[in-house]
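Asks: The sequence shown begins at 28 in the numbering used here and counts up one residue at a time. We put the beta carbon where it would ideally sit given N, CA and C, even for glycine.
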Amino acid sequence: NCLVAIDCNIDAINCLFYNSRKSVLNLIGGSYSFLHCTIANYYQWSMREGATLSLNNMSGDNKYPLVKCDFINSIVYGTRADEMNLNNIESLNYKFINCLIRNKQELGGDEFINTIWNKNPEFFDLNSSGLYEYNFRLTELSSAIGIADVKYSVDAMYDLSGKPRLRDGVSDAGCYEWIAE
28 NCLVAIDCNI
38 DAINCLFYNS
48 RKSVLNLIGG
58 SYSFLHCTIA
68 NYYQWSMREG
78 ATLSLNNMSG
88 DNKYPLVKCD
98 FINSIVYGTR
108 ADEMNLNNIE
118 SLNYKFINCL
128 IRNKQELGGD
138 EFINTIWNKN
148 PEFFDLNSSG
158 LYEYNFRLTE
168 LSSAIGIADV
178 KYSVDAMYDL
188 SGKPRLRDGV
198 SDAGCYEWIA
208 E
């Protein structure tokens, strides 16, 4: 796992979480907010054992309430058909707002608002050199371009590399804003 959080409070803005043999994010109970984050798993060193994102209310025999878990203007993507694992979630205290997600089953309900399912985010480079180098910036073909809700983007005016988000009046999902050169 890249990040395991048990009953924690995390506010992540413009973050890149990537590549793990297991889940990239394994969140168990707690309160979480991920704004303009890219959560991607293109792990290639051995067989992967889990979805990119895992939400759960249990760790062993211990129960932890998922108080809040929001993913806003974010990308959850990887090489598997199912990149989300929602386990033992008794209360529906999670939301995905204006996100691009890869998952075989397109989930519905009030928890998924303006979700784009199974459209390739077209990251710039996913190890084309064979040297395990990754560049999760968006290409001009990305399905993440323009899908973010700008009312949330004002809380992340600049992307992870310092580029302005609202320069063209729209905003992109994930931690990197695509700007035409």
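1) Count the other C-beta atoms from every protein chain shown that fall within 10 angstroms of the C-beta of residue 78, then say buried if there are 16 or more, exposed otherwise.
2) Give the range of the beta strand (DSSP E) segment to which residue 81 is assigned.
3) Taking the beta carbon of residue 204 as the centre, do at least 16 other beta carbons fall within 10 Å, making it buried, or is it exposed?
4) Taking three-plus beta-carbon pairs below 8 Å as touching, is the region 134-153 in contact with the region 183-192?
5) Short of 6 Å in beta carbon distance, which residues of its chain neighbour residue 140, apart from the five on each side in sequence? Order them along the chain.
6) DSSP state of residue 180, grouped into three classes?
7) Is residue 189 closer than 8 Å to residue 65 when the C-beta atoms are compared?
8) Which complete beta strand (DSSP E) runs does the region 94-121 hold, if anything under 3 residues is left out?
9) Taking just the CA atoms, how far does residue 148 sit from residue 126?
10) With 16 as the cutoff for other CB atoms within 10 Å, does residue 74 come out buried or exposed?
11) Are the beta-carbon atoms of residue 58 and residue 94 separated by less than 8 Å?
Replies: In this structure, then:
1) Mapped onto the sequence shown, residue 78 falls at position 51. Burial call: buried.
2) Translated into positions along the sequence shown, residue 81 becomes position 54. Judged by DSSP secondary structure, residue 81 falls within the beta strand (DSSP E) whose first and last residues are 80-83.
3) To locate residue 204, count along the sequence shown from 1; it is residue 177. That one is buried.
4) Pairwise C-beta distances place the region 134-153 out of contact with the region 183-192, as fewer than three of them are shorter than 8 Å.
5) As a first step, residue 140 must be located in the sequence shown, where it is residue number 113. Closer than 6 Å at Cβ, skipping near neighbours: 124.
6) Mapped onto the sequence shown, residue 180 falls at position 153. In this structure, residue 180 counts as helix in the three-state DSSP scheme.
7) Against the sequence shown, residue 65 aligns to sequence position 38. Against the sequence shown, residue 189 aligns to sequence position 162. The answer is no: Cβ separation not under 8 Å.
8) Runs found: 102-105, 111-114.
9) Looking up residue 126 in the sequence shown gives position 99. Looking up residue 148 in the sequence shown gives position 121. Rounded to the nearest angstrom, the two C-alpha atoms are 11 Å apart.
10) Taking the first residue of the sequence shown as position 1, residue 74 is located at position 47. By the 10 Å Cβ count, residue 74 comes out exposed.
11) Numbered from 1 along the sequence shown, position 31 holds the residue referred to as residue 58. Numbered from 1 along the sequence shown, position 67 holds the residue referred to as residue 94. Yes, these two residues count as a Cβ contact at 8 Å.
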